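Asks: Protein chains in written order, with the working numbering: chain A, 1 to 250; chain B, 1001 to 1305.
In this text, a Cβ means the ideal position worked out from N, Cα and C, and glycines have one as well.
Predicted, not measured: the structure shown is a model, and the values here were computed from it.
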């Protein structure tokens, strides 16, 4: 298994697309900066009473899960697209090892990069807010939990993308499924009656990140329920992916 | 050692491979011949555990692929040299495969040199010619220094020098006691490389024989026309040849003998020169003496019809 992880780590870092995707996550910083800037301007004209920027993590929260999901998709869909998956499968004893090793690698990369991104997002938001009383200080308890929680959700998104691509064996198919899974609930939620709207909204990955950090009023679940929801989500998808790669002819 | 036992694979209503049974023994190069779509790749994928057989078994060194302890060191495979991600360098590609099998880095350098890609190791595979990709595929198969090699159409895309190189390489690998199975749809090429031939058509076994035996069967015939056909036939048979009466027998109208032309004999097992010498020694006049040799491709087409 360690051998397979080493192999997948080299595969991930020897493709340019990995760097392109990681670079594109910086777009979350631009969006956060822009949103924080608008809110600050609004605060300057209207004064207190406006929605605060807070940590700033909520402003561009939908972007990182999608992009780290794409990282997960590309980790295996390229191998299906070229047929290299067959060669890969000849190097391991069992097909599930390939999925598990890729999951470890993309989850680790997404967790670390996701946290760095969350921290950079926080700093960007605070820099834009400047001295206005609508930011959040690092000494506030929720701030220090929100950054690791964002990292966890990026890792979950990466494993989600990987699993979808393993099941669908196609880059476009997996990308569509990924976006649908991550973004559709947020759109559907508005048209649902209570309490379903809250429940669906609470199940989106960006919302689960906040619930995981215990941000007040962020959703229907507490941190421990959020952990359970994420764990079930990852387990089900990985099991489906492993079943798919094991049972199907390569 | 590869054993294919009653292997069958159906895709929906299509039967790609049907009750295929043959052994691939160590120490020899075995050619796996068949037209496109005959079931060669499907068979190889089943041997490698990539496709599940509908029924039957394929064994590598006595066990199924899934039961091999250290797969890369026991069996090396090249399925389709085009099936690589072009964004990586040759070195990164092979190193990633080597990591998966716990194979040391020096072996990666070694196989790159062995296939003649050492100079291109750091170039992206996307810029490789088909022949270079083929060499890269062979390098990947050799990484684990395996005792069993399975190569699907390894000759495709190689230039004449490359083909000669590959032939020498495969022969030396077999001479070391390894089991070498390579598929092809080119009979002539295969007859030069392989010691044994397994020929399949529409998923069924057609021939499982040595190359020498197959060549002997299709070595061609000597046609000899002599007014003393009966006498000559007896003399040739006495010399160990197999003699048939000319094909005209069934269609007398078509081969109505020209007056004085004598009978036609088809001789196998003797060269034209030897046939002529025997005719002279026995005082038989010869009116025509020619070698009729079907090409190996014709023989192949014949056997797989």
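Curious, which full-length alpha helix (DSSP H) runs of at least 4 residues does the segment 51-130 of chain A contain?
Replies: 63-82, 84-89, 95-129
Asks: What distance in whole Å lies between the Cβ atoms of residue 1170 (chain B) and residue 1193 (chain B), which are believed to be in contact at a cut-off of 8 angstroms?
Replies: By one-based count along the second chain, residue 1193 (chain B) stands at place 193. By one-based count along the second chain, residue 1170 (chain B) stands at place 170. Yes, they are in contact, since the Cβ atoms of residue 1193 (chain B) and residue 1170 (chain B) sit about 6 angstroms apart, within 8 angstroms.
Asks: Does residue 169 (chain A) get closer than 8 angstroms to chain B when you measure Cβ to Cβ?
Replies: In the first chain, the residue the question calls residue 169 (chain A) occupies position 169. No - not a single Cβ of chain B is within 8 angstroms of the one on residue 169 (chain A).
Asks: Taking CB distances under 8 angstroms as the criterion, tell me whether residue 1300 (chain B) reaches chain A.
Replies: Taking the first residue of the second chain as 1, we reach residue 1300 (chain B) at position 300. False, the Cβ-Cβ gap to chain A never drops below 8 angstroms.
Asks: Any idea what DSSP makes of residue 1018 (chain B), helix, strand or coil?
Replies: Sequence index remark: in the second chain, residue 1018 (chain B) carries index 18 (1-based). In the structure shown, residue 1018 (chain B) sits in a strand (DSSP, three-state: E or B).
Asks: Pick from A:87, A:161, A:113, A:165: whose alpha carbon is nearest that of residue 1140 (chain B)?
Replies: Within the second chain, the letter at position 140 stands for residue 1140 (chain B). Distance check between residue 1140 (chain B) and each of A:87, A:161, A:113, A:165 places A:87 closest, using alpha-carbon atoms only.
Asks: Would DSSP call residue 151 (chain A) helix, strand or coil?
Replies: What you label residue 151 (chain A) is simply residue 151 of the first chain in a count that begins at 1. Helix.
Asks: Please tell me whether residue 213 (chain A) and residue 146 (chain A) are closer than 8 angstroms, where the distance is taken between their beta carbons.
Replies: Position 213 of the first chain, counted from the first residue, corresponds to residue 213 (chain A). Position 146 of the first chain, counted from the first residue, corresponds to residue 146 (chain A). Cβ distance < 8 angstroms, so residue 213 (chain A) and residue 146 (chain A) count as in contact.
Asks: Residue 78 (chain A) versus chain B: which residues are under 7 angstroms apart at the beta carbon?
Replies: The sequence position of residue 78 (chain A) within the first chain is 78, counting from 1. 1085, listed in chain order.
Asks: Straight-line CA distance for residue 1115 (chain B) to residue 1101 (chain B)?
Replies: Looking up residue 1115 (chain B) in the second chain gives position 115. Looking up residue 1101 (chain B) in the second chain gives position 101. Answer to the nearest angstrom: the Cα atoms are 20 angstroms apart.
Asks: Just to confirm my understanding: we take residue 204 (chain A), look at its own chain, exclude 5 residues before and 5 after, and list those with CB closer than 6 angstroms. What are they?
Replies: Looking up residue 204 (chain A) in the first chain gives position 204. Counting only Cβ-Cβ distances below 6 angstroms, and skipping sequence neighbours, we find 185, 186.
Asks: If residue 32 (chain A) and residue 42 (chain A) are in contact, beta carbons under 8 angstroms, what's the gap, nearest whole angstrom?
Replies: Within the first chain, residue 32 (chain A) is the residue found at index 32, counting from 1. Within the first chain, residue 42 (chain A) is the residue found at index 42, counting from 1. Residue 32 (chain A) to residue 42 (chain A), Cβ: 16 angstroms. No contact.
Asks: Does the separation of the CB atoms of residue 241 (chain A) and residue 166 (chain A) fall below 8 angstroms?
Replies: The count along the first chain starts at 1 and reaches residue 241 (chain A) at position 241. The count along the first chain starts at 1 and reaches residue 166 (chain A) at position 166. It is a contact, given that the beta carbons lie within the stated cut-off.
Asks: May I have the straight-line CA-CA distance separating residue 170 (chain A) from residue 136 (chain A), to the nearest angstrom?
Replies: Mapped onto the first chain, residue 170 (chain A) falls at position 170. Mapped onto the first chain, residue 136 (chain A) falls at position 136. Each residue's alpha carbon lies about 42 angstroms from the other.
Asks: Using the rule of at least 16 other Cβ atoms within 10 Å of the residue's Cβ for burial, across every protein chain shown, is residue 1011 (chain B) buried or exposed?
Replies: What you label residue 1011 (chain B) is simply residue 11 of the second chain in a count that begins at 1. Under this definition residue 1011 (chain B) is an exposed residue.
Asks: By the criterion of Cβ-Cβ separation under 7 angstroms, what are the contact partners of residue 1152 (chain B) in chain A?
Replies: Locating residue 1152 (chain B) in the second chain gives position 152, counting from the first residue. Near residue 1152 (chain B) there are no residues of chain A at all, since even the closest Cβ is about 10 angstroms away, more than 7 angstroms.
Asks: If you draw a straight line from the alpha carbon of residue 1077 (chain B) to that of residue 1291 (chain B), how long is it in whole angstroms?
Replies: For this step, residue 1077 (chain B) is matched to residue 77 along the second chain. For this step, residue 1291 (chain B) is matched to residue 291 along the second chain. Their backbone Cα atoms lie some 42 angstroms apart in a straight line.
Asks: Within 10 Å of its beta-carbon, does residue 101 (chain A) have 16 or more other beta-carbons around it, so buried, or fewer, so exposed?
Replies: For the purposes of this step, residue 101 (chain A) is identified with residue 101 of the first chain, where counting begins at 1. Classification for residue 101 (chain A): buried.
Asks: From residue 1120 (chain B) to residue 1029 (chain B), what does the alpha carbon distance come to, in whole angstroms?
Replies: Taking the first residue of the second chain as 1, we reach residue 1120 (chain B) at position 120. Taking the first residue of the second chain as 1, we reach residue 1029 (chain B) at position 29. Those two C-alpha atoms are separated by around 29 angstroms.
Asks: On the CB-based measure, 16 or more other CB atoms within 10 Å of its CB, does residue 252 (chain A) come out buried or exposed?
Replies: In the structure displayed, chain A extends from 1 to 250; residue 252 (chain A) sits before or after that span and is not available.
Asks: With 7 angstroms as the limit, tell me which residues of the segment 1111-1139 of chain B have their beta carbon closer than that to any beta carbon of chain A; keep them in chain order.
Replies: So the list is empty, because no residue satisfies the distance condition.
Asks: Quick one: Cα of residue 245 (chain A) to Cα of residue 231 (chain A), how far?
Replies: For the purposes of this step, residue 245 (chain A) is taken as the residue at position 245 of the first chain. For the purposes of this step, residue 231 (chain A) is taken as the residue at position 231 of the first chain. Spanning the two alpha carbons is a distance of roughly 21 angstroms.
Asks: Counting pairs of Cβ atoms below 8 angstroms between the segment 1207-1223 of chain B and the segment 1059-1076 of chain B, do you hit three or more?
Replies: Output reads no: the segment 1059-1076 of chain B does not touch the segment 1207-1223 of chain B.
Asks: What is the DSSP secondary structure of residue 1252 (chain B), reduced to helix, strand or coil?
Replies: In the second chain, counting from the first residue as 1, residue 1252 (chain B) sits at position 252. With a pLDDT of only 44 at residue 1252 (chain B), under the threshold of 50, the placement of this residue in the model should not be trusted, and no figure is reported.
Asks: Do residue 1224 (chain B) and residue 1215 (chain B) come within 8 angstroms of each other at the CB atom, strictly closer than that value?
Replies: The residue given as residue 1215 (chain B) occupies position 215 in the second chain. The residue given as residue 1224 (chain B) occupies position 224 in the second chain. Cβ atoms of residue 1215 (chain B) and residue 1224 (chain B): not closer than 8 angstroms.
Asks: Indicate whether at least one CB of chain A lies closer than 8 angstroms to the CB of residue 952 (chain B).
Replies: In the structure as shown, chain B begins at 1001 and stops at 1305. Residue 952 (chain B) is therefore absent and cannot be evaluated.
Asks: When burial is assigned at 16 or more other CB atoms within 10 Å of the CB, is residue 1234 (chain B) buried or exposed?
Replies: In the second chain, residue 1234 (chain B) corresponds to position 234, counting from 1. Per the 10 Å Cβ criterion, exposed.
Asks: Find out if the Cβ-Cβ distance for the pair residue 10 (chain A), residue 18 (chain A) is shorter than 8 angstroms.
Replies: Translated into positions along the first chain, residue 10 (chain A) becomes position 10. Translated into positions along the first chain, residue 18 (chain A) becomes position 18. No; because the gap between Cβ atoms is not below 8 angstroms, this pair is not in contact.
Asks: On the DSSP bridge list, what partners appear for residue 1003 (chain B)?
Replies: Along the second chain, read from residue 1 onward, the residue named residue 1003 (chain B) stands at position 3. In DSSP, residue 1003 (chain B) forms a bridge with B:1023, B:1059.
Asks: Please name the residue in B:1003, B:1007, B:1001 whose C-alpha comes closest to that of residue 1204 (chain B).
Replies: As a first step, residue 1204 (chain B) is located in the second chain; it is residue number 204 there, counting from the start. For residue 1204 (chain B), the nearest C-alpha among the options comes from B:1007.
Asks: Counting pairs of beta carbons, one from the segment 80-94 of chain A and one from the segment 116-135 of chain A, are three or more of them closer than 8 angstroms?
Replies: no
Asks: Please classify residue 1243 (chain B) as buried or exposed, where buried requires at least 16 other C-beta atoms within 10 Å of its C-beta.
Replies: In the second chain, counting from the first residue as 1, residue 1243 (chain B) sits at position 243. Per the 10 Å Cβ criterion, buried.
Asks: Decide if residue 228 (chain A) is buried, meaning its Cβ has at least 16 other Cβ atoms within 10 Å, or exposed.
Replies: Here the question's residue 228 (chain A) lines up with position 228 in the first chain. It counts as exposed.
Asks: Use the C-beta contact count for residue 247 (chain A): other C-beta atoms within 10 angstroms, 16 or more gives buried, fewer gives exposed.
Replies: The sequence position of residue 247 (chain A) within the first chain is 247, counting from 1. Classification for residue 247 (chain A): exposed.
Asks: Show which residues of chain A have a CB atom less than 8 angstroms away from the CB atom of residue 1157 (chain B).
Replies: Stepping through the second chain from its first residue, residue 1157 (chain B) is reached at position 157. Under the 8 angstroms cutoff, chain A gives no residues; its nearest Cβ is about 16 angstroms from residue 1157 (chain B).
Asks: On the premise that residue 1174 (chain B) lies in contact with residue 1027 (chain B), defined as a C-beta separation below 8 angstroms, what is that separation, rounded to the nearest angstrom?
Replies: Taking the second chain and counting its residues from 1, one reaches residue 1027 (chain B) at position 27. Taking the second chain and counting its residues from 1, one reaches residue 1174 (chain B) at position 174. With 8 angstroms as the limit, residue 1027 (chain B) and residue 1174 (chain B) qualify as a contact, their Cβ atoms being about 6 angstroms apart.
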